[in-house]
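Before any comments, here is the structure.
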Amino acid sequence: MKYVITSAAFAAIAVIVLIFVFIGREALPVFTSPEVHEEVTIAKMVTPLEWRASKPKTYVWQPVSEVPKYSLFPLVLGSLKATFVAILFATPFAVGAAMYSSEFAPRQAREIIKPVIEMLAGIPSVVLGFFALIVLAGWLKDTFDWKYRLNATTAGIALGIAVIPIIYTVAEEALRAVPRQYREAGQALGASPWQIARRVVLPAAAPGIMAAVALGFGRAIGETMIVLMASGNAATWTLPLTDSVRTMSATIAAEMAEVVNGSAHYHVLFFVGALLFVVTFLINLLGEMYVGRLKRRLTGSAG
Amino acid sequence: MIDKVPTLPRRPATQPSRSGDTEAESRMADPTTVKMRSRGLDFYYGANHVLHNVDFDVFAHSVTALIGPSGCGKSTFLRTLNRMNDQIPGARLTGEVSIDGNDIYDPLVDVTALRRRIGMVFQRSNPFPKSIYENVAFGLRIAGVRDKRVLDETVEESLKLSALWDEVKDDLNKPAFMFSGGQQQRLCIARALAVRPEVILMDEPASALDPISTAKIEELIEDLKVRYTIVIVTHNMQQAARISQYTGFFYMGDLVEFGPTAKIFTTPSEKRTEDYVTGRFG
Amino acid sequence: MAEATATTRSVSSSPEPPRETLAQRSRWKRLLSPLPILTGFLAVCVITMLVVILWNIVAGGVGRLTWEFMTGAPTHGMTEGGIFPAIFGTVFLVLLMTIAVIPLGVATAIYLRYYARPDAWFARAVRVAVNNLAGVPAIVFGLFGLGFFIQFVGRGIDNAFFGGALTFGQPAIIWASLTLALLTLPVVIVATEEAMRTIPNDYLEASYALGATRWQTISRVVLPNSLTGILTGGILAVSRGAGEVAPIMFTGAAYFLPYLPKKLNDQFMELGYHVYVMSTQSPDVEATLPVLYSTVLVLLLLTFALNALGVLIRYRLRGRQAV
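Residue numbers (numbering that gives the first Met the number 0), protein chains in the order written: chain A, 0 to 302; chain B, 0 to 281; chain C, 0 to 322.
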């Protein structure tokens, strides 16, 4: 029986490894294959391209056209814009609520907040995307008089709602982990709750809160459905946050169905997927390292 | 009404006085001034009646020891003196606790200002995860002191008062955790001293320390009583006999006997006191 | 010298404790200071967000939520009728996923906890891999499903068993469910580990002391006591799987099919995918809005019900273990 278990576990593990390997393998031709290089190279992905005779060279993502163009930067910028808005939106609410829950809230309030956060976490991203598209976009455009209904900010806000739970959960844990002794010492010295929160608790919980934000960032940048539905899906290379964007994840989702297996476009999409994967992996690693360091710092040689 | 933020005059850094110093002797324990007192104090944790009708006097510039077996309420009583029991769910209190004649449980009292007048040192040292300097300066910063010179001087003076300066003066920016338990506890004392309290409450400050650190802290307490009023909870009777002028014996929530230390330990009036101090129980 | 106040107070009768606690006395002072108010406000905002979203969906969708809606087929270009095929597809999909993920996940958890040497590099590598799997974006799973399952494995099966005819080398419910199984694998592994961790060592020692083998101990002591936790993991995996759209977008989901999926290589309609396409590619979004809202509501109810069930079981499990 041991062998059944072991082989099943091995199978699972093998497939996990396989995912990493396979994505990498299908992305590799972007670096190595001469056929692919006829259409696109790494250099072409990061340098400005010719797109219209009369206009200056710029970054363009236009795989389906006479001369396919594969500038990465508009996609990366799109992901960053949406994620930036998401984090900007989510962090104050999530960390504020976490602080309220761990420092001030009476028990009844805590028993409301916890299920609310869990429910928020349980909403499928396609539902949030639907809400953003059907309800939020129009309202935001009218209220703030924007040019585009579907843009980085609309998607970013919905994305922010999606990552509030994860930032809240990790931040609350970090705040709770601050030992009672510190708070007591602060009280005995005549510090007000505000002073204790600002000077003792927050600094002590800071690494954990940063990890929380990092994990939220990692989650947001990999998210697909919300941006697919609410960001406008235009690969622009402009500054305003209220312009439509196309993120890396949405690009894969939108173009994968139409792509020819083995074509340059196919490999580039895998390359983008690999890029996305590496970025989220690094961010999550960073987040977990911080959480590890936080735990060591607070439990190490305390008296 | 207790609501003043204490001002911090610039004092020349002085060494703690030793006996034989006539100027210091004139600032010795003033047995006729009651610094803090409780009258009719009843304390409850929920339905648990933990302190029964305690009448207690703390005399200025003295060291008062609270002794008694575990669970007798002495720590609880100590914490009523600086209202550290306030946040405990279900804690209730009747009776009066006052400092300089003012009731500290009056609803108008500013608790944070009160706690700057009455400092506390805990059983297990609890320095902040900050540097030595920042630990000592903490109380000053929250009281609004920003002048770096005043901070530097007060930090140095407080560390000297708690006999830690020589050991850490080159390492002020190192994190507090790097130092030994005894040093951390003296750091906590320095931190409490920095805000110039009038009373210092100590809850078994040396119980987690080795004998040498304990001796250092006892010496420290001896020196501190010149300027401050100290109330110390201890389960170590020899310690109480060594360092205190007055002792209160608690048993099961009652203040059984209170008086000059010498009397409590040699000719106590109550049988229970005698049984405890002679080691027949507890 | 002060007089020794040496009198005992006899406690003849304990007076009644005052009704107000110390904490209550100062609560207004504490709660009305700026920080609690600010953070409390932020917490209220979060609650408001949830309420607004739920209210909007319920208000918009409850009107059409009838038995006919859930059992009928779509008509009139998705503006009328029911969404039964999508419900059926979702259930079928998730069922296949569960059959794949539970044994695989439980076996991996058992291996990690009871068979692998904890310091072995392999066990540590596995743990790292599992942790990171949880962070992989859903769309990357979709890529894998397409490139590996469909085009590699599926094509391979076609060449080996069907003489090259396109049977499995195309979007199919089996591939979509396997992709989802990979996505939810960490959920099952973690839930199983959590459940197994609560089993006291004493039980294991008792079993070994009676001469049981490792597998006998696992199958007779560990697994029966972990069933609830495994069940929780399964339910949470199902809830997650029913909500994810990106992994199934090009591995088998379709917008309109005249048939229900019956064979493993059939395509299928699915609730989440349906919502996506209807929202973004419908020729007349206004007309399909009522059906769309109701579909979203059904999806939401499904995921919430499953989530609530999982959490409920987990609480009862923890409660029992705490005894």
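A virtual CB, placed ideally from N, CA and C, is assigned to each residue, including glycine. Note that the structure is a prediction, hence the values are computed from the model and not measured.
Does any residue of chain A bring its CB to less than 8 Å from the CB of proline 312 (chain C)?
This sequence places isoleucine at residue 312 (chain C); proline is not what is there. No, because no Cβ of chain A sits closer than 8 Å to the Cβ of isoleucine 312 (chain C).
Boundaries (first-last residue) of the beta strand (DSSP E) holding proline 123 (chain A)
No beta strand (DSSP E) contains proline 123 (chain A), which DSSP labels as neither H nor E.
Cβ-based neighbour list, isoleucine 282 (chain A), same chain, cut-off 7 Å, excluding 5 preceding and 5 following
So the qualifying residues of the chain are Ala213, Phe216, Gly217.
To be precise: take each residue of the segment 221-243 of chain C, compare its Cβ to all Cβ atoms of chain A, and keep it if any distance is under 8 Å. Which residues remain?
Ser238, Ala241, Gly242, Glu243
Positions along the segment 194-210 of chain A whose CB lies within less than 9 Å of some CB in chain B:
Gln194, Ile195, Arg198, Val199, Pro202, Ala203
Hey, does methionine 255 (chain A) have any beta-carbon neighbour from chain C nearer than 8 Å?
yes
What do you reckon, are the CB atoms on serine 191 (chain A) and threonine 223 (chain A) nearer than 8 Å?
no
Alpha helix (DSSP H) segment containing phenylalanine 143 (chain A), residue limits:
136-143
Using 10 angstroms around the beta-carbon of valine 244 (chain A), count the other beta-carbons present and answer buried if the total reaches 16, otherwise exposed.
Buried, by the Cβ-count rule.
In chain A, which residues lie less than 9 Å from isoleucine 141 (chain B) when you measure between Cβ atoms?
Gly185, Leu188, Gly189, Ala190, Ser191, Gln194, Ile195, Arg198
Relative to the C-alpha of leucine 42 (chain A), which candidate in A:Tyr69, A:Gly77, A:Pro91 has its C-alpha closest?
Here residue 42 (chain A) is alanine; the residue named in the question, leucine, does not match the sequence. Checked all of A:Tyr69, A:Gly77, A:Pro91; the closest Cα to alanine 42 (chain A) is A:Tyr69.
Looking at the strands, I want to know which residues DSSP matches up with proline 73 (chain C).
C:Gly80
When you check each C-beta in the segment 58-87 of chain A against every C-beta of chain B, which residues fall closer than 7 Å?
none
Would you check if the distance between the CB atom of leucine 145 (chain C) and the CB atom of methionine 288 (chain A) is smaller than 8 Å?
no
Would you mind telling me which residues of chain C sit closer than 8 Å to valine 115 (chain A), beta carbon to beta carbon, in chain order?
Within 8 Å Cβ-Cβ: Val45, Ile46, Leu49.
Roughly how many angstroms lie between the CA atoms of serine 206 (chain B) and proline 16 (chain C), to the nearest whole one?
Linking serine 206 (chain B) to proline 16 (chain C) through their CA atoms gives a straight-line distance of about 33 Å.
I want to know whether the segment 96-116 of chain A touches the segment 237-247 of chain C - three or more CB-CB distances under 8 Å.
no
To the nearest angstrom, how far is the alpha carbon of isoleucine 103 (chain B) from that of leucine 113 (chain B)?
If I take the Cα positions, the gap works out to 8 Å.
If I measure Cβ to Cβ from proline 73 (chain C) and keep anything under 6 Å in the same chain, skipping five residues before and after, which residues do I get?
Gly80
Helix or strand or just coil, what does DSSP make of arginine 36 (chain B)?
strand
Taking three-plus beta-carbon pairs below 8 Å as touching, is the segment 265-285 of chain A in contact with the segment 127-140 of chain C?
The answer is yes - the segment 127-140 of chain C touches the segment 265-285 of chain A, with three or more Cβ pairs under 8 Å.
So which residues of chain C does serine 100 (chain A) contact, with C-beta pairs closer than 9 Å?
Thr38, Ala42
Which parts of the segment 116-142 of chain B are runs of the alpha helix (DSSP H), unbroken and 4 residues or longer, counting only runs that do not cross its ends?
131-141
So is alanine 159 (chain C) buried or exposed if we call it buried at 16+ other beta carbons inside 10 Å?
exposed
Between the Cα of valine 271 (chain A) and the Cα atoms of A:Ala7, A:Arg51, A:Gly23, A:Val3, which residue gives the shortest distance?
A:Gly23
Taking Cβ to Cβ, would you say leucine 127 (chain A) is nearer than 8 Å to proline 164 (chain A)?
no
Please state whether DSSP places serine 97 (chain B) in a helix, a strand or coil.
strand
Comparing the C-beta of tyrosine 289 (chain A) with each C-beta of chain F, is any distance below 8 Å?
As a matter of chain content, chain F is missing from the structure shown, whose protein chains are A, B and C.
Between the C-alpha atoms of proline 185 (chain C) and glutamate 192 (chain C), what's the straight-line distance to the nearest angstrom?
10 Å
Residue interval of the alpha helix (DSSP H) (run including tyrosine 272 (chain C))
In the DSSP annotation of this structure, the continuous segment of the alpha helix (DSSP H) that includes tyrosine 272 (chain C) starts and ends at 270-280.
Beta carbon of glycine 233 (chain C), beta carbon of threonine 97 (chain C): below 8 Å?
For the pair glycine 233 (chain C) and threonine 97 (chain C), the CB atoms are nearer than the 8 Å cut-off.
Does the pairing of the segment 25-39 of chain C with the segment 185-203 of chain A give three or more beta-carbon distances under 8 Å?
yes
Would you please verify whether the beta carbon of glycine 119 (chain B) is less than 8 Å from any beta carbon of chain A?
According to the sequence displayed, residue 119 (chain B) carries methionine and not glycine. With 8 Å as the cut-off, methionine 119 (chain B) counts as an interface residue toward chain A.
Could you give the DSSP three-state label for alanine 252 (chain C): helix, strand or coil?
Looking at alanine 252 (chain C) - three-state DSSP - the assignment turns out to be strand.
Own chain partners of alanine 154 (chain A) with C-beta closer than 7 Å, once the 5 adjacent residues on each side are dropped:
Ala81, Ala131, Ile225, Val226, Ala229, Ser230
Flag threonine 20 (chain C) as yes if its beta-carbon sits less than 8 Å from any beta-carbon of chain B, otherwise no.
Answer yes: the Cβ-Cβ gap between threonine 20 (chain C) and chain B drops below 8 Å somewhere.
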